[in-house]
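Worksheet for the structure shown next.
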Amino acid sequence: MKIGLIGLGNMGVGIGGSLLRGGHSLTVYNRSKDKADALLAQGARWADTPRELAQGQDAVLTMVADDAALLAVTRGDNGLLAGLAAGAVHVSLSTVSPALVEQLAQEHAAQGKALVASPVFGRPDAAAAAKLFVVASGKPEHITAVRPALECIGQKLFEIGDQPQQAALVKLIGNFLISCVIEGLGEGTALAEKAGVAPEKLIEVLTGSIFAAPVYQVYGALIANAGYLNPGFALPLGQKDNRLVLQAAEGLNVPLPFASIVRDRFVRANAQGLAGADWSAIASLSRQDAGLSD
187 MKIGLIGLGN
197 MGVGIGGSLL
207 RGGHSLTVYN
217 RSKDKADALL
227 AQGARWADTP
237 RELAQGQDAV
247 LTMVADDAAL
257 LAVTRGDNGL
267 LAGLAAGAVH
277 VSLSTVSPAL
287 VEQLAQEHAA
297 QGKALVASPV
307 FGRPDAAAAA
317 KLFVVASGKP
327 EHITAVRPAL
337 ECIGQKLFEI
347 GDQPQQAALV
357 KLIGNFLISC
367 VIEGLGEGTA
377 LAEKAGVAPE
387 KLIEVLTGSI
397 FAAPVYQVYG
407 ALIANAGYLN
417 PGFALPLGQK
427 DNRLVLQAAE
437 GLNVPLPFAS
447 IVRDRFVRAN
457 AQGLAGADWS
467 AIASLSRQDA
477 GLSD
């Protein structure tokens with residue numbers, strides 16, 4: 187396929203590498219061109235604007251930080267929508283609000299263009315290894331058109347509905363549940379440590395028995411070893427996703443009590459100067475609450 191990729195952060199670079207290894211033609215754009223160097227060295231081409239990037243592509247993939255960033259690269263004279271050919275597909279890989287995805291889907295359709303929401307589960311190492319879990323929603327024919335690209339970047343593709351905003355919501359729910367796991371692990375490891383049990387021993391027991399799942403293994407190791415100081419998913423992004431899931435839930439009149447608890451953890455973590463850490467840093471607050479020194 188001829189593919190354009192916008193957004194070359196920790197996730198985007200890995201995704202771009204997977205697409206190139208899969209034999210796809212790749213053109214890239216990022217606000218900071220230096221982040222494209224690794225992909226350009228592998229054969230990707232550079233575009234000066236999202237509009238230029240979108241021209242002549244079968245699909246344009248966007249992996250950007252938030253709603254504002256997605257709007258900035260999609261709309262306007264230099265936005266990708268202005269350059270996207272009729273019948274081509276914009277694939278939003280970003281974790282953004284369902285309301286924005288619904289609005290953009292309508293704008294695309296009005297111009298004879300397509301939007302598929304396809305957010306991914308996985309950290310940067312999974313993106314680099316093409317081991318992401320990919321969730322897609324949109325018209326079936328549009329998903330079929332971009333399936334080769336989506337299967338190239340992940341280990342499994344889930345099709346969940348024909349409305350793009352559905353996948354956006356599923357991604358927020360997934361991240362909400364991960365944040366609850368992080369909070370629970372933080373509280374549990376603080377309790378164990380206060381009783382003289384090494385956190386890594388607790389995690390060894392849990393992940394080697396009834397919690398032998400990747401989310402517990404990955405975040406358990408980060409928490410036990412203070413690995414949150416090296417961000418794979420920055421704390422402000424986790425806070426943004428928490429805010430978006432609460433907004434979506436309020437719009438549907440669905441209470442999320444645990445999400446409100448996690449919201450306060452993010453606020454406190456920022457107040458404690460942890461904005462530059464991984465989002466799993468909220469677990470460290472339980473150690474402070476327990477009176478454990480660093």
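Okay, so the sequence shown: first residue is 187 according to the working numbering, each after it adds one. Quick reminder that beta carbons are idealized off the backbone N, C-alpha and C, glycines included.
* Asked: Buried or exposed: which applies to Arg-129, given that a residue is buried once 16 or more other Cβ atoms fall within 10 Å of its Cβ?
  -> Since the first residue shown for the chain is 187 and the last is 480, residue 129 is missing from the structure and cannot be characterised.
Fill in: the segment 234-241 / the segment 268-276 touching (three or more Cβ pairs under 8 Å)
yes
Self-check item: Ile-359: first and last residue of the uninterrupted alpha helix (DSSP H) it sits in
Solution: By 1-based counting over the sequence shown, the position of residue 359 is 173. 350-380 is the span of the alpha helix (DSSP H), which, as asked, contains Ile-359.
Query - Burial state of Ala-231 (16 or more Cβ within 10 Å) - result: As a working note, residue 231 is residue 45 in the sequence shown. The displayed chain sequence assigns Arg, not Ala, to residue 231. Counting Cβ neighbours within 10 Å, Arg-231 comes out exposed, since fewer than 16 surround it.
*Terminal residues of the alpha helix (DSSP H) in which Gln-330 lies*: As a working note, residue 330 is residue 144 in the sequence shown. It should be noted that the sequence gives Thr, not Gln, for residue 330. Note, Thr-330: alpha helix (DSSP H), 326-339.
Worksheet item: What are the start and end residues of the alpha helix (DSSP H) that includes Val-401?
Response: Along the sequence shown, read from residue 1 onward, the residue named residue 401 stands at position 215. Residues 400-410.
(Q) Taking 8 Å as the threshold (C-beta atoms), are Leu-301 and Ser-278 in contact? (A) On the sequence shown, position 92 is the one that residue 278 refers to. On the sequence shown, position 115 is the one that residue 301 refers to. Yes, these two residues count as a Cβ contact at 8 Å.
Starting from Ser-472, follow the alpha helix (DSSP H) in both directions and report where the run begins and ends. For this step, residue 472 is matched to residue 286 along the sequence shown. Run containing Ser-472: 470-475, per the alpha helix (DSSP H) assignment.
Item checked: Same chain, Cβ closer than 6 Å to Leu-343, neighbours up to 5 away in sequence not counted -> Counting from 1 along the sequence shown, the entry for residue 343 is found at position 157. Closer than 6 Å at Cβ, skipping near neighbours: Val-320, Leu-336, Glu-337.
Could you give the distance in angstroms between the alpha-carbon of Gly-208 and the alpha-carbon of Ala-222? Numbered from 1 along the sequence shown, position 22 holds the residue referred to as residue 208. Numbered from 1 along the sequence shown, position 36 holds the residue referred to as residue 222. Those two C-alpha atoms are separated by around 18 Å.
Exposed unless 16 or more other CB atoms sit within 10 angstroms - verdict on Val-246
Here residue 246 is taken as the residue at index 60 of the sequence shown, counted from 1. Val-246 should be labelled buried.
Check: Opposite Phe-319 in the DSSP bridges: which residues?
Finding: In the sequence shown, residue 319 corresponds to position 133, counting from 1. Its beta-bridge partners are Phe-307, Lys-342.
Would you say the beta carbon of Glu-238 is closer than 7 Å to some non-hydrogen atom of the ligand MG? Although the ligand MG was asked about, the structure shown includes no ligands whatsoever.
Identify whether Lys-299 lies in helix, strand or coil by the three-state DSSP scheme. Here the question's residue 299 lines up with position 113 in the sequence shown. Three-state result, Lys-299: coil.
Item to check | Run of the alpha helix (DSSP H) containing Ala-258, from where it starts to where it stops | outcome: By one-based count along the sequence shown, residue 258 stands at place 72. Segment 253-260, the alpha helix (DSSP H) holding Ala-258.
**OP:** Return the CA-CA distance between Gly-406 and Gly-242, expressed in angstroms with no decimal places.
**Re:** Position 220 of the sequence shown holds residue 406. Position 56 of the sequence shown holds residue 242. If you draw a straight line from the Cα of Gly-406 to the Cα of Gly-242, it is about 45 Å long.
Please classify Thr-213: does DSSP put it in a helix, a strand, or coil? By one-based count along the sequence shown, residue 213 stands at place 27. Residue state, collapsed to three classes: strand.
Rounded to whole angstroms, what is the Cα-Cα separation between Gly-477 and Lys-188? Position 291 of the sequence shown holds residue 477. Position 2 of the sequence shown holds residue 188. Rounded to the nearest angstrom, the two C-alpha atoms are 56 Å apart.
query: Among Asp-348, Ala-314, Asn-411, which residue has its Cα nearest to the Cα of Thr-330?
result: Here residue 330 refers to the residue found at position 144 of the sequence shown. Nearest C-alpha to Thr-330: Asp-348.
| said: Would Leu-205 and Leu-194 qualify as a contact pair, given that the criterion is a beta-carbon distance under 8 Å? | reply: Looking up residue 205 in the sequence shown gives position 19. Looking up residue 194 in the sequence shown gives position 8. Not a contact, by the Cβ cut-off of 8 Å.
- Considering Ile-192, what are the terminal residues of the beta strand (DSSP E) in which it resides? For this step, residue 192 is matched to residue 6 along the sequence shown. Element bounds for Ile-192: 188-192.
Helix, strand or coil, according to DSSP, for Gly-437 in the structure here?
Residue numbering aside, residue 437 sits at position 251 when the sequence shown is read from its first letter. Gly-437 sits in a helix when the DSSP states are folded into three classes.
| query | Roughly how many whole angstroms lie between the Cα atoms of Ser-472 and Leu-377? | reply | If you number the sequence shown from 1, residue 472 lands on position 286. If you number the sequence shown from 1, residue 377 lands on position 191. Looking at the two C-alpha atoms, the distance is approximately 9 Å.
Going along the chain, which residues of its own chain have a beta-carbon closer than 7 Å to the beta-carbon of Leu-415, five neighbours each way excluded? Numbered from 1 along the sequence shown, position 229 holds the residue referred to as residue 415. Only Ala-463 meet the Cβ criterion.
Any idea if Asn-428 is buried or exposed, counting beta-carbon neighbours within 10 angstroms, 16 or more meaning buried?
-> One-based indexing of the sequence shown puts residue 428 at position 242. So Asn-428 ends up on the buried side.
- Validate contact between the segment 450-467 and the segment 395-402 using beta carbons, cut 8 Å, 3 pairs: no
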